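There are 4 protein chains.
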Amino acid sequence: MTKNRLEAFSDGVLAIILTIMVLELKVPHETTWQALRALWTVFLSYAISFVYLAIYWVNHHHLLHASDRVNGAVLWANINLLFWLSLVPFTTGWMGENALAPLTVMVYGVSLLLPGVAYFILTRALVRLHGANSAFARALGADFKGIASVVVYAIGAGLASWFPLVSIGLYILVAAAWFIPDRRFERA
Amino acid sequence: MTKNRLEAFSDGVLAIILTIMVLELKVPHETTWQALRALWTVFLSYAISFVYLAIYWVNHHHLLHASDRVNGAVLWANINLLFWLSLVPFTTGWMGENALAPLTVMVYGVSLLLPGVAYFILTRALVRLHGANSAFARALGADFKGIASVVVYAIGAGLASWFPLVSIGLYILVAAAWFIPDRRFERA
Amino acid sequence: MTKNRLEAFSDGVLAIILTIMVLELKVPHETTWQALRALWTVFLSYAISFVYLAIYWVNHHHLLHASDRVNGAVLWANINLLFWLSLVPFTTGWMGENALAPLTVMVYGVSLLLPGVAYFILTRALVRLHGANSAFARALGADFKGIASVVVYAIGAGLASWFPLVSIGLYILVAAAWFIPDRRFERA
Amino acid sequence: MTKNRLEAFSDGVLAIILTIMVLELKVPHETTWQALRALWTVFLSYAISFVYLAIYWVNHHHLLHASDRVNGAVLWANINLLFWLSLVPFTTGWMGENALAPLTVMVYGVSLLLPGVAYFILTRALVRLHGANSAFARALGADFKGIASVVVYAIGAGLASWFPLVSIGLYILVAAAWFIPDRRFERA
């Protein structure tokens, strides 16, 4: 079973998720600075989601590059990840169009948490396939970052009803931690 | 003739079909739980179609991985499959937005049946190309699952006018049977 | 310079052109046969364009498979082809929504003619690169079919103001002639 | 780390950006020449953006073809380029729908300038990876064209408030200069 086709399909889905988000940025009918400025939150939410999905693409790239092979369980763990990522544009749009209203910030946090869980499941499926003592498993290590991300997202979503800006800060913190590509696999 | 380009093109079309469905999930203007809950059937129909199309992707992957080569007849059988799959978002959306109205459940069943027939035609085109005694044909076997799926979809569509929920149950039954990837090709 | 990337990019653009056309098939709000039947011409025009674009994909596949290499001129001839193909959904939609009104049938014919011209230019760019005595040029031959298609499309577009149904018949005739993949390259 | 996956992902994103622009060309409800003519500026802006993005695809193709490898910095420089390119359809649409209003011409110029800067950053990331004395760096040279493009776009955007047509002329000038693929890499 070739991992190339898994990569190609994931790239296709991620490329489309990334790009259809720009359709939310609707061409204004006036030709004034005010009309552009009114799109500010939509633009910001597009930029955030773009970076967020790009981080997944980069880390997915590293993860599969380090893998020797895939099996049926990995295929489905990957499809599960793509499903939850495909909901990010929706939750980002909801938050962006509503000026960070508490409920939308909470739902956004949940929509970041779920792909985090799915990514963790994908790493476990790959470790099970390669073996706990494989070079792949040693390169991945305890995956502290993966587990910590999910915990921080959960805290952020839990706080959103009272301190939405703190939640946003926590979400950005996790993104920043993932912005640096996985050196583990570059070393290995 | 390379089967790689056939796989790449199919992946592209399937990735786009999968992803454009999420556009139906329109960002609500209110920031309440009620606004989210109102999207429940649209979300459910998106999830069902996502799984359904992912099953086709996985099995298509196995089928072509087991093939040695393709020819013009296989190219067209594959295009035929992609055409009918491209209609699934439409019928799912119709059913989802109308709370499982009998006619929409029947049309949905037909829209599941037709890619099933097209997939069966694709397997026949591949068997004809590889030869009835080839390793490919032996791995595929009598393809009982393919034929049974089409029969069950037809029964489901036929019952939808009287028992729409039974039809839904039958559709989910077939999906569950295909959820497990084709061990035939993993063994071979 | 790799032709693989040219193929992959063309596949991506063609896959998207094929698939976004299905977005024109909007989910009706009623759950009656009448609501479905009202979409008949939109469905028909989707099916026609799907076949038409699939024919280009198959023949493009054969053409590039038979090529040894590409250069800058081929890249741009290919981009030119993709541009004109990208307009087909627009003209098909216009014709489909307006019950074969003469002007829309004429414009549709022009939108079929232009990719035909672009495909011809692409074959010339490939012949110039491979040399007039190359295996590629001999396999392609005089390309009677390519030239005849453009001529028949022009006649169809010219007749559309008086006999739109004759024009439609001529367009279908050309599609049928191309439906059979290019045996020239399979033989070579 | 494979550069193939970087190319495939970039191709996917560029193919989608190119193709979703055609969705702006909405099917008119009348079947008259007037209805078609009213879409003239939308068509023109689609054609300009198509050529502009195709130029990036061709040059991106040459750039990566000449590269031996990629690293994390190149991945992110590439994602940065894709982000700014994804905004081009928006700014072109704004300009096209508003008959070259000065502010829209200025913003369009900025939206051309930013991918130019991002492309320049990508070339620097590749030079840093390959080494200043590598065959890659020598083939790229001082990249006068890249720097000059950014300068001309800045001048064009600056003049747009007073002479929008001069700005358009300058933008077309830069496109024309890039239309010719990078001979540097074909020579090397």
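Protein chains in written order, with the working numbering: chain U, 2 to 189; chain E, 2 to 189; chain H, 2 to 189; chain G, 2 to 189.
By construction, the Cβ of each residue, glycine as well, lies at the ideal position given by its N, Cα and C atoms.
Note that the structure is a prediction, hence the values are computed from the model and not measured.
Helix, strand or coil for U:T33? Go by DSSP, reduced to three states.
Indexing the first sequence from 1 puts residue 33 of chain U at position 32. Looking at U:T33 - three-state DSSP - the assignment turns out to be coil, as it is neither helix nor strand.
By how many angstroms is the C-alpha of E:A119 removed from the C-alpha of E:L141?
Here the question's residue 141 of chain E lines up with position 140 in the second sequence. Here the question's residue 119 of chain E lines up with position 118 in the second sequence. In a straight line, the C-alpha of E:L141 is about 16 Å away from that of E:A119.
Mind listing which residues of the segment 99-124 of chain U have their C-beta closer than 7 Å to chain G's C-betas, in chain order?
none
For the segment 43-75 of chain H, which residues have a beta carbon sitting closer than 7 Å to at least one beta carbon of chain E?
F51, A55, W58, V59, H62 and H66
Is DSSP giving H:L101 helix, strand or coil here?
Residue 101 of chain H sits at position 100 when you count from the first residue of the third sequence. Three-state DSSP puts H:L101 in coil, outside helix and strand.
Measuring only the C-alpha atoms, how far is G:A48 from G:L114?
In the fourth sequence, residue 48 of chain G corresponds to position 47, counting from 1. In the fourth sequence, residue 114 of chain G corresponds to position 113, counting from 1. Rounded to the nearest angstrom, the two C-alpha atoms are 19 Å apart.
Can you list, in chain order, the residues of its chain with a C-beta nearer than 8 Å to that of U:F54? Leave out the 5 residues immediately preceding and following it.
The residue labelled residue 54 of chain U in the question sits at position 53 within the first sequence. In the sequence as displayed, the identity of residue 54 of chain U is Leu instead of Phe. Closer than 8 Å at Cβ, skipping near neighbours: L15, I18, L19, L86 and V89.
Going along the segment 124-150 of chain G in order, which residues come within less than 9 Å of chain U, judged by CB to CB distance?
none
Which whole-angstrom value is the C-beta distance of E:Y154 and E:G110, which I expect to be below 8 Å?
Residue 154 of chain E sits at position 153 when you count from the first residue of the second sequence. Residue 110 of chain E sits at position 109 when you count from the first residue of the second sequence. Between E:G110 and E:Y154 the Cβ distance is about 5 Å, and since that is below 8 Å, they are a contact.
Please report whether the beta-carbon of G:G13 lies at a distance below 8 Å from any beta-carbon of chain H.
Here residue 13 of chain G refers to the residue found at position 12 of the fourth sequence. With 8 Å as the cut-off, G:G13 counts as an interface residue toward chain H.
Mind checking if E:A9 is an interface residue toward chain U, Cβ cutoff 8 Å exclusive?
In the second sequence, the residue the question calls residue 9 of chain E occupies position 8. E:A9 counts as touching chain U.
Between H:F164 and chain G, is there a C-beta pair that is closer than 8 Å?
Taking the first residue of the third sequence as position 1, residue 164 of chain H is located at position 163. Judged by the 8 Å Cβ criterion, H:F164 is not in contact with chain G.
According to a CB-to-CB cut-off of less than 7 Å, which residues of the segment 16-27 of chain E neighbour chain U?
A16, I17, L19, T20, V23, L24 and L26
is_contact[E:P90, chain U] using C-beta, thresh 8 Å:
Here residue 90 of chain E corresponds to residue number 89 of the second sequence, with the count starting at 1. Closer than 8 Å: no.
Under a three-way DSSP split, which group does E:K4 fall into?
Residue 4 of chain E sits at position 3 when you count from the first residue of the second sequence. In the structure shown, E:K4 sits in a helix (DSSP, three-state: H, G or I).
Hey, could you find the ends of the alpha helix (DSSP H) G:A143 is sitting in?
On the fourth sequence, position 142 is the one that residue 143 of chain G refers to. Careful: G:A143 lies outside any alpha helix (DSSP H) and carries neither H nor E.
The segment 66-73 of chain G / the segment 18-32 of chain G touching (three or more Cβ pairs under 8 Å):
no
Proximity of H:Y57 and H:P116 at Cβ, strictly below 8 Å
Taking the third sequence and counting its residues from 1, the one referred to as residue 57 of chain H is at position 56. Taking the third sequence and counting its residues from 1, the one referred to as residue 116 of chain H is at position 115. Cβ atoms of H:Y57 and H:P116: closer than 8 Å.
Span separating the alpha-carbon of H:L160 from that of E:F91
For the purposes of this step, residue 160 of chain H is identified with residue 159 of the third sequence, where counting begins at 1. For the purposes of this step, residue 91 of chain E is identified with residue 90 of the second sequence, where counting begins at 1. Roughly 35 Å between the two C-alpha positions.
With DSSP as the reference, label U:V28 as helix, strand or coil.
In the first sequence, the residue the question calls residue 28 of chain U occupies position 27. Here U:V28 sits in coil by DSSP.
Inter-residue Cα distance where the pair is G:A189 and H:A100:
The residue labelled residue 189 of chain G in the question sits at position 188 within the fourth sequence. The residue labelled residue 100 of chain H in the question sits at position 99 within the third sequence. For G:A189, the predicted structure reports a pLDDT of 49, less than 50, and the residue's modelled location is therefore unreliable. The matter cannot be settled from this model.
Is there a Cβ from chain H that is less than 8 Å from the Cβ of G:T93?
By 1-based counting over the fourth sequence, the position of residue 93 of chain G is 92. Not closer than 8 Å to any Cβ of chain H, the Cβ of G:T93 fails to qualify, so no.
Establish whether the CB of H:T32 and some CB of chain E are separated by less than 8 Å.
Locating residue 32 of chain H in the third sequence gives position 31, where the first residue counts as 1. True, the Cβ-Cβ gap to chain E drops below 8 Å.
Quick one: using the 10 Å Cβ neighbour count with 16 as the cut-off for buried, is H:G147 buried or exposed?
Along the third sequence, one-based indexing puts residue 147 of chain H at 146. Buried, since its Cβ has 16 or more Cβ neighbours within 10 Å.
Let me know the secondary structure DSSP gives G:N72 once reduced to three states.
Within the fourth sequence, the letter at position 71 stands for residue 72 of chain G. Reduced to three states, the DSSP call for G:N72 is coil.
Anyone know if the C-beta pair for G:I156 and G:L166 falls short of 8 Å?
For this step, residue 156 of chain G is matched to residue 155 along the fourth sequence. For this step, residue 166 of chain G is matched to residue 165 along the fourth sequence. No, these two residues do not count as a Cβ contact at 8 Å.
Nearest to H:S50 by alpha carbon, out of E:E31, E:I80 and E:T105?
Against the third sequence, residue 50 of chain H aligns to sequence position 49. Out of E:E31, E:I80 and E:T105, E:I80 has the C-alpha closest to the C-alpha of H:S50.
Does DSSP put U:F1 in a helix, in a strand, or in coil?
Past the boundaries of the shown model lies residue 1 of chain U; chain U is included only from 2 to 189, so the question cannot be answered.
On the premise that E:D69 lies in contact with E:F137, defined as a C-beta separation below 8 Å, what is that separation, rounded to the nearest angstrom?
Numbered from its first residue, the second sequence carries residue 137 of chain E at position 136. Numbered from its first residue, the second sequence carries residue 69 of chain E at position 68. Contact flag correct, Cβ pair sits at about 7 Å.
Ignore the nearest five residues each way along the sequence and tell me which others in E:A78's own chain have a CB closer than 6 Å to its CB.
On the second sequence, position 77 is the one that residue 78 of chain E refers to. Within the same chain, E:A78 has close Cβ partners I122, L123 and A126.
Determine which residues of the segment 168-183 of chain G have a Cβ less than 8 Å from any Cβ of chain U, and write them out in chain order.
none
Using DSSP with H/G/I as helix, E/B as strand and the rest coil, what is E:A67?
Position 66 of the second sequence, counted from the start, is the residue given in the question as residue 67 of chain E. In the structure shown, E:A67 sits in a helix (DSSP, three-state: H, G or I).
Quick one: Cα of E:V128 to Cα of U:T42, how far?
Stepping through the second sequence from its first residue, residue 128 of chain E is reached at position 127. Stepping through the first sequence from its first residue, residue 42 of chain U is reached at position 41. Straight-line Cα distance between these residues: approximately 55 Å.
For U:L37, I'd like the list of residues in its chain whose CB is within less than 6 Å of its CB, leaving aside the five on either flank, ordered along the chain.
Reading the first sequence from its first residue, position 36 is the one you call residue 37 of chain U. Closer than 6 Å at Cβ, skipping near neighbours: no residue.
Would you check if the distance between the CB atom of U:L26 and the CB atom of U:L40 is smaller than 8 Å?
Numbered from its first residue, the first sequence carries residue 26 of chain U at position 25. Numbered from its first residue, the first sequence carries residue 40 of chain U at position 39. Yes; because the gap between Cβ atoms is below 8 Å, this pair is in contact.
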